[in-house]
Each structure stands twice: as structure tokens, then as C-alpha cells.
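If you count the sequence shown from 1, position 112 lands on 185 in my numbering, and the numbers rise without skipping.
For glycine and all other residues, C-beta sits at the position ideal for the given N, C-alpha and C.
Nothing here was measured: the structure is a model prediction, and the numbers come from that model.
What follows is one structure encoded as C-alpha cells, with my remarks underneath.
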Amino acid sequence: MTLSKIDLLNKKFSKSLFGYSKSEVDQLMIELAEVLGATADDKKQLMKKIERRDSSIREFRQREETLRDTLMTTQRMIDDLKATARKEAELIINEAHSRAEVILQQAHNRLAQIHEDINELKRQRTRFEVELKAVLESHLKTLEISNPELEKVEAIEAKLKFFKKAK
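Here it is as C-alpha cells:
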């Protein structure tokens, strides 16, 4: 039997010679003790349940905080990795541009050198042609100058042949 506060307040004891009936008061005390004991047990169980739930809530909050920290750390790591990768990519691209510029400059220099070599060879050819022409003209002049003398020599040889035949 459960007793409520109203039941207790409305409980009427019969009067006996020395006051209230001892058996009724004792019976009420037993019932009150049982109700109070049950209430205390219920309270203990509820408190344990509350403690377990509070503990679970704390654990979940701690897990949530740990997960949040982990997510934030992971996001920072991802951001750092992206930034590092971006910087490395920029360095690689800059290095490639620098190398390309060096190679291009070397190619331009080599092309300029080849053009210079070609021009030098053309100058040498022209100089050689001029010198060869001068030598040839000199030899031709020598031959032309020698030609009248050659004619004299040939005339003398012809006369000698003629005299040899005549003999």
C-alpha cells in the first residue's frame, strides 16, 4: 500500500485511554517505514541512473570534443598539406620557368653564334674569292706578259726546227 502526503494528513487515529491507539500508530509507522524505504531505494536507483546518464553525457561530450579537436586538427593538417603542395608546385613551376628561360637563352645564344659563324664563313669565302681572283688575275697578267716572250721562244724553236730539217 502506498501512502501519499494527503493520506498522511487525512489519517485519523481513534482515541484511546492514553491518546491514540498504539497499534494504529505502530501500523502507520510500519507502512511509513516501508514507503520511506521504497522511496529511498527508488531515489538511490534514480540517482544511480542519473549518475550513469551524467557519466554517459560527459563521455559523449568528451568524445564530441575529441572528435571536434580531431576534425579541426585534420582540417589544419589538410590546409597545411594543401599550402605545402601549392608552394612546392609553385617552386617546381618557377624552377621549370627558370630552366626554360636558361635553355631558351642558351638556344638564342647558340643561334646567334651560328649566325655569327655563318657570317664569318661568308666573309672568309668572299675574302678567299677576292684573293683567288687576285692571284688568278696576277697569273693571267703574268701569262699575258709572258705570251710575247713565249711567242719569241716559239719563233726561235721553229727556226731551229727549220734549220735542223734543212740540214
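Would you list the one or two residues that DSSP bridges to residue i?
i	result
I89	First, the amino acid is wrong: residue 89 is Ser here, not Ile. In DSSP, S89 forms a bridge with G92.
Can you check which of these residues, the options, is closest to residue i by C-alpha distance?
i	options	result
Q100	L90, K85, Q135, I79	K85
_My parser needs the alpha helix (DSSP H) runs of 4 or more residues fully inside the stretch 161-235; what are they?_
none
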